[in-house]
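Novice: Residue numbers (the UniProt record's numbering): 1 to 142.
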């Protein structure tokens, strides 16, 4: 389970955010981004000492100031169920693959070339390793 997927699932749910400076923010998560910056609504901010409280309609918390987040158990369970259903749907080892090659129709309209770079005959311009169209006086072959 990835932290950002957990936060995306937690949108609309209440959560507690503690910052590195000791302040805590209780509110409903509106949105988060890839840097874990979060936007909260209906926020109650508590000072480091716990003796002062502020009520704010909304606030924005920068991700690198966050020490930890407390998310409801129902959100965690939901993310775990989604991850399990995702692994059940797709068997392991089945994917698009990597690297060159694969489908035969990928070279439609083009002539197949040899393996590696510069191994063709060079064509009309005379570049390449030589081969059948090598000009006289050149390297002629290898």
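All C-beta atoms in this analysis are idealised placements derived from N, C-alpha and C, irrespective of residue type, glycine included.
Is residue 6 helix, strand or coil when you go by DSSP?
Specialist: DSSP places residue 6 in helix when its eight states are reduced to three.
Novice: What do you get for residue 23, buried or exposed, if any count of 16 or more other CB atoms within 10 angstroms of its CB means buried?
Specialist: Flag for residue 23 reads buried.
Novice: If you measure between the beta carbons of residue 37 and residue 63, is that distance less than 8 Å?
Specialist: Yes, these two residues count as a Cβ contact at 8 Å.
Novice: Between 53, 10, 4, 5, which has its C-alpha nearest residue 73's C-alpha?
Specialist: That would be 10, whose Cα lies nearest to the Cα of residue 73.
Novice: I need the DSSP call for residue 87, collapsed to helix, strand or coil.
Specialist: Reduced to three states, the DSSP call for residue 87 is helix.
Novice: With 16 as the cutoff for other CB atoms within 10 Å, does residue 29 come out buried or exposed?
Specialist: Residue 29 is buried by the Cβ-count criterion.
Novice: Would you call the segment 72-86 and the segment 40-54 touching, i.e. three or more CB-CB distances under 8 Å?
Specialist: Touching, no, given that fewer than three Cβ pairs across the two stretches are closer than 8 Å.
Novice: Whole angstroms is fine: what's the gap from residue 58's alpha carbon to residue 98's?
Specialist: Near 46 Å, if we compare the C-alpha coordinates of residue 98 and residue 58.
Novice: Using a Cβ-Cβ cutoff of less than 6 Å, which residues in the same chain neighbour residue 46 once the five nearest sequence positions on both sides are dropped?
Specialist: The answer, listed in chain order, is 24, 53.
Novice: Which whole-angstrom value is the C-beta distance of residue 4 and residue 66, which I expect to be below 8 Å?
Specialist: Residue 4 to residue 66, Cβ: 13 Å. No contact.
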